[in-house]
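K.L.:
One structure, pasted below without further comment.
Chains as they are written, first to last, in my numbering: chain F, 16 to 303; chain A, 16 to 303.
Printed below as a string of structure tokens:
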């Protein structure tokens, strides 16, 4: 996994702009928001799902970077004063604390835009149909019927009572859809058949939920030195989470159950999917 | 022109989401930011440039709407407190004044994302190569080397002295690139040859600059009842504009000269480009 992450870092670093133009501060903010930390969960899913279908590594790396640009833009905007108002991310000042707030808004906008430029480029896949597919799928996963819709629900959850079903939907939109796109990107790049595509989709939705529940647990009993952010933020904001609704023990059991369920979806791939299975178990056991 | 604008309104209205889901407020903010006013300059350029190459109207309308989504997202983010901090746009409260600031940030993000979803969809053009071309070109025009880069420069222009060359570059990035993409979209959709594509590009860059100089003039001597925004905002912010650098008379002459120059690029199309020529003259004579 470390080797994959290193390759992804290099791809991100290579793709992001860097110059001494007058507007260079914008590029610096984009780089700051994308480099230096991050688990690179989504890129890892792209790389591993691509490996299952023999996709060229350089193509997969571009898609992995594009998805990470979208993920990082969402964090930059999420951290803004009008949103979560976070000062720290991965143990460092957030983009709007390191730069100006306006620069942070623009850096997020530019990263989101750049993701689509990277996907539509010939270097990402020789078949333009596949590229269009990638663009449309990423847009759906990240847009108002996906991640941004989930962020909207997340804001509302601070003021309104959400039932457990509504929380599940919120999390599926906010983090699940982009994780699902990441895990199925390899199938799109490799023009896989529906059975294999759906196996990855099933895996990703369970994984995404397990990931989110673990995040909620870490918000309660994580070590700030490891997570890089303060403890108890959700509770402070009065946000209903899986943990506040189910209790710590049941939430933990649910996360582990989901991780096992995620792995079973991958049986169709035999041992070739072992790393994806290990990832699912790591996701619920991680301390950061 | 009125008929085209009406068709574009209908296309935008049809494409934007609308629902009674919990996150429906997000959709409302997206609609509010896109509908009800706006000159629809960019969509008009898409429709007219498409007509030159016999592009199907329904395809052109989708591209016109997508570009307007990007334009409207940029206005929503530009108006935010951390950016221009504007309360009024087109005589109505700006999106963050009508909704919450967080909702405005998300509505902008969702509109930008949706633009790429619309372009990548099969309904936009039967040839996936053309769709990829549209996605990549829009991303370049709107991203850190285009519109967002220009917005970054615009923020810096409040604190730094910019020479006339730097102001020209700023405006080319901030508004010129998206206008150029709009005017060349028809050529991309119609798979035009380079000579016709370049004619439209030349037209668009001159038109964009003429448009911006006229905007700067209206900021000084426009009628707030017609422009829908207060007079003298640029000067108040200490922003260098074409008018502050050249003086009112020279700026007005320059705008008219650019409009004529824009028209000459279109001679290659004979009288089929008459509406685009009339548009260039309207752009420098408008009062709003």
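Every residue, glycine too, gets a C-beta built ideally from N, C-alpha and C.
Remember, predicted model here, so these are calculated numbers, not experimental data.
(1) Report the residue ranges of all alpha helix (DSSP H) runs contained in full by the region 166 to 192 of chain A; include only those spanning at least 4 residues, in chain order.
(2) If you draw a straight line from the C-alpha of residue 299/A to the C-alpha of residue 270/A, how long is it?
(3) Report the residues of the region 112 to 133 of chain A with a CB closer than 9 Å to any CB of chain F, ordered along the chain.
(4) So, do the region 185 to 197 of chain F and the region 155 to 168 of chain F have three or more beta carbon pairs nearer to each other than 8 Å?
(5) Alpha carbon to alpha carbon, how far is residue 40/A from residue 116/A?
(6) Would you say residue 83/F lies against chain A (beta-carbon separation less than 8 Å)?
(7) Note down, in chain order, each residue of its chain lying with its Cβ closer than 8 Å to the Cβ of residue 274/A, except the 5 sequence neighbours on either side.
(8) Listed in chain order, which residues of the region 156 to 189 of chain F have Cβ atoms closer than 9 Å to some Cβ of chain A?
(9) Among the candidates 150/A, 261/A, 24/A and 141/A, whose CA atom is the shortest distance from the CA of residue 137/F?
(10) If you scan the region 17 to 70 of chain F from start to end, which runs of the alpha helix (DSSP H) of 4 or more residues do you find wholly inside it?
(11) On the DSSP letters alone, give me the boundaries of the alpha helix (DSSP H) that residue 292/F sits inside.
(12) Say whether the region 58 to 67 of chain A touches the region 123 to 130 of chain A, bearing in mind that this needs 3 or more beta-carbon pairs closer than 8 Å, one atom from each stretch.
(13) Under 8 Å, Cβ to Cβ, is there at least one residue of chain A near residue 42/F?
(14) Can you pull the chain A residues whose beta carbon is under 9 Å from the beta carbon of residue 143/F, in chain order?
(15) Specify the secondary structure class of residue 153/A as computed by DSSP and reduced to three states.
(16) Can you list, in chain order, the stretches of the alpha helix (DSSP H) that have 4 or more residues and sit fully within the region 217 to 257 of chain A?
(17) Let me make sure I understand the geometry here. Which of 106/A, 178/A and 28/A has the alpha-carbon closest to that of residue 242/A?
(18) Within 8 Å (strictly less), CB to CB, does residue 192/F reach chain A?
(19) Of all the options 277/A, 57/A, 166/A and 283/A, which has the alpha carbon lying nearest to the alpha carbon of residue 84/A?
(20) Leaving out five residues on either side along the sequence, give the residues of the same chain with a beta carbon under 7 Å from the beta carbon of residue 258/F.
(21) In the DSSP assignment, what are the bridge partners of residue 108/F?
(22) At the level of alpha carbons, what is the spacing between residue 302/F and residue 23/A?
(23) Specify the secondary structure class of residue 206/A as computed by DSSP and reduced to three states.
(24) With 8 Å set as the bound, which would you pick, yes or no: does the beta-carbon of residue 95/F sit closer than that to a beta-carbon of chain A?
(25) May I have the straight-line CA-CA distance separating residue 246/F from residue 277/F, to the nearest angstrom?
(26) By DSSP, does residue 159/A sit in helix, in strand, or in coil?
(27) How big is the Cα-Cα spacing for residue 217/F and residue 289/F?
(28) Quick one: which chain F residues come within Cβ less than 8 Å of residue 98/A?
(29) Over what stretch of residues does the alpha helix (DSSP H) that includes residue 82/F continue unbroken?
(30) Inspect the beta-carbon positions of residue 126/A and residue 74/A and report whether they are closer than 8 Å.
(31) Run through DSSP, which three-state label would residue 201/F get?
(32) Please confirm if residue 38/F has its CB atom under 8 Å from at least one CB of chain A.
(33) Restricting to Cα atoms, I'd like to know which of 46/A, 256/A, 166/A and 17/A is closest to residue 180/A.
(34) Just the chain A side, please: which residues come within less than 7 Å of residue 136/F by C-beta, in chain order?
(35) Do the CB positions of residue 213/A and residue 143/F come within less than 8 Å of each other?
(36) Assign residue 140/A to one of three DSSP states: helix, strand, or coil.
P.N.:
A quick look at the data gives this:
(1) 179 to 186
(2) Their backbone Cα atoms lie some 6 Å apart in a straight line.
(3) Taking 9 Å as the Cβ-Cβ cut-off against chain F, the residues of the region 112 to 133 of chain A that qualify are 115, 116, 117, 118, 119, 120, 121, 122, 123, 124, 125, 126, 127, 128, 129, 130, 131, 132 and 133.
(4) The region 185 to 197 of chain F, when compared against the region 155 to 168 of chain F, does touch it at the 8 Å Cβ threshold.
(5) 12 Å
(6) no
(7) 221, 222, 225, 295, 296, 298 and 299
(8) 157, 158, 159, 160, 161, 162, 163, 164, 165, 166, 167, 168, 170, 171, 175, 177, 181, 184, 185 and 188
(9) 150/A
(10) 17 to 30, 39 to 49 and 56 to 67
(11) 289 to 300
(12) Pairwise C-beta distances place the region 58 to 67 of chain A out of contact with the region 123 to 130 of chain A, as fewer than three of them are shorter than 8 Å.
(13) The Cβ of residue 42/F sits closer than 8 Å to at least one Cβ of chain A.
(14) 142, 143, 144, 145, 146, 147 and 148
(15) helix
(16) 239 to 242 and 248 to 251
(17) 106/A
(18) no
(19) Checked all of 277/A, 57/A, 166/A and 283/A; the closest Cα to residue 84/A is 57/A.
(20) Here the set comprises 231, 232, 235 and 266.
(21) 103/F
(22) 52 Å
(23) coil
(24) yes
(25) 28 Å
(26) coil
(27) 16 Å
(28) 117 and 120
(29) That run of the alpha helix (DSSP H) goes 72 to 93.
(30) The Cβ atoms of residue 126/A and residue 74/A lie no closer than 8 Å to each other.
(31) helix
(32) yes
(33) 256/A
(34) Against chain A, a Cβ distance below 7 Å from residue 136/F picks out 151.
(35) For the 8 Å CB-CB criterion, residue 213/A and residue 143/F do not form a contact.
(36) coil
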